[in-house]
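Per the working numbering, the sequence shown runs over residues 1471 to 1842.
Report on one structure; see the data block that follows.
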Amino acid sequence: MSAFSQLLRLTRANIKRLILKLPGIIIVAVFLLVSLSAAAIIVSDNLYKSESFDKISVAFYMPESNINTYSSAGYDLITNMKSLSQTADLIQVSSEEEGQNMLSKGLVSYLIVIPESFFGGYYNSGIKVYFNSSTSIMTYITNDLFMAFANYYATAQAGVLAVIDDSDLHDLADEDRWGLISLLNFTFLDRSLNKDAYTETHPATDVGAHSLEQHYIGVALLLAVSFTAFLMIPVLQGLNKGIRTKLEVFKINRWSLFFSNTASLLPMFMLVFIPCLIAGQIYFKVFSPLALVYALPVLLIISLITSVFCTATDSVLAAELGFLLVILTLCYAGGGILPDGMLPKIVRSISHVLPGDFMIRCMTLSLFGGGA
């Protein structure tokens, strides 16, 4: 009998021994899938959960000279911004003293004093911002934000001066000149404050194809199938002394054993994956006709990793610990535990060369298809 024939017999024997354990392995896999899926749903529901917070109250004083068509339009622009309305209440006061009084009593967090001829003018002293320094650290943070807006304002003023110089150069009428200045003022105001019109908000996804919950369910499916390796490794390493002697006689080396173990494991992982897939598709009411096609590369990778540790060591404990370390590392680097954006920079720099992200995507695709 040739070494190849002996290796085939060993592979068939391993498959038969693994099949005897299959019912228990499937039960464990489904149990793991249910447990991990429940954890995935909890994580996805709370990871990006919005926390409610109190609005800040901002008083502002605008002199009578500022109340005109342009100032009214500017005020409407600011107060109707969705982002601002969700975070602040604007309160107009009749005098700077009234605003200072409200600030001292803690009725407002900030007081903004708009200088004379701010709307439509260009030479002025700038906006003044008053705040109570004893409120909280957020006061200082918000003050820095106001200072950042002041930089936008300085840029706008430079733009206005440039328009005036250009208007003088071309001898524009006063009506045309002030129309250009007003348009420029509102343009800068819109660009600096109205972020909703110029930014897009996307829900956290695993590359835009699936929801965060689907992403983590895919991770749960991957781990549920992978962890059944802990029940298969002892079977493959449980060769009796007679079989080991035969392997030595036919000079079957570890490389040959590696391929034999891989060939034994792959159909077993497929048999474990199918019940988990069916359970997941029934629960989530989805159907992916290419599920096995998507999952096959992942199952092959899991088989190869398991086979490496089964072949490299004769210790069941060492093989299982090594397998666990590799699977968890791949899962972590692939965004299976924390989203990609929350991973350390050094991990993100190497994640693209590791198969973890690919494995998670394939498992998610196998269960949910192409996504929404």
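Using N, Cα and C, we set each Cβ at its ideal position, and we do this for glycine too.
This one's a predicted model, so the numbers in the text were calculated from it and none came from an experiment.
Going by beta carbons, Leu-1691 and Leu-1837 fall inside the 7 Å limit. Here Glu-1790 is buried, its C-beta having at least 16 other C-beta atoms within 10 Å.
Beyond the five residues adjoining it in sequence on each side, Ser-1773 comes within less than 7 Å, by CB distance, of Thr-1732, Leu-1735, Leu-1736, Phe-1739 in the same chain, given in chain order. Ile-1634 and Phe-1828 have their C-alpha atoms spaced approximately 58 Å apart.
When beta bridges are read from the DSSP output, Tyr-1531 appears opposite Val-1563, Val-1583.
Judged by DSSP secondary structure, Val-1756 falls outside any alpha helix (DSSP H); it is assigned neither H nor E. By the Cβ-count criterion, Ala-1699 is buried, with 16 or more other Cβ atoms from all chains shown falling within 10 Å of its own Cβ. Between Thr-1776 and His-1680, the CB-CB gap reaches or exceeds 7 Å. Per DSSP, Lys-1598 lies in no alpha helix (DSSP H); the unbroken beta strand (DSSP E) holding it starts and ends at 1598-1601.
Under DSSP, the beta-bridge partners assigned to Ala-1558 are Ile-1526. By alpha-carbon distance to Ala-1765, the top candidate from Gly-1688, Gln-1707, Ile-1820 is Gly-1688. About 6 Å separates the beta carbon of Ile-1496 from that of Val-1742, a gap short enough to meet the 8 Å contact definition.
By the neighbour-count criterion, in which 16 or more other beta carbons inside 10 Å mark a residue as buried, Phe-1697 falls on the buried side. Here the alpha carbons of Asn-1655 and Leu-1581 stand approximately 22 Å from one another. For the 7 Å CB-CB criterion, Leu-1502 and Ala-1761 do not form a contact.
Cys-1746 and Ala-1499 do touch by the CB rule: their CB atoms are close to 5 Å apart, below 8 Å. Note on geometry: alpha-carbon atoms of Pro-1814 and Gln-1684 lie some 23 Å from one another. If you look at Gly-1806, you'll find it isn't in any alpha helix (DSSP H); DSSP assigns it neither H nor E.
Around Arg-1487, the same chain offers Val-1705 as residues with beta carbons nearer than 7 Å, after the five sequence neighbours per side are excluded.
Proximity to Phe-1601 across Pro-1585, Thr-1625, Met-1572, Gly-1629 peaks at Met-1572, based on C-alpha coordinates. With contacts defined by Cβ atoms closer than 7 Å, Val-1796 and Ile-1703 do not form a contacting pair. Check the Cα spacing between Ala-1473 and each of Ser-1726, Leu-1808, Gly-1826: the tightest is with Ser-1726. Gly-1629 and Gln-1570 have their alpha carbons spaced roughly 32 Å apart.
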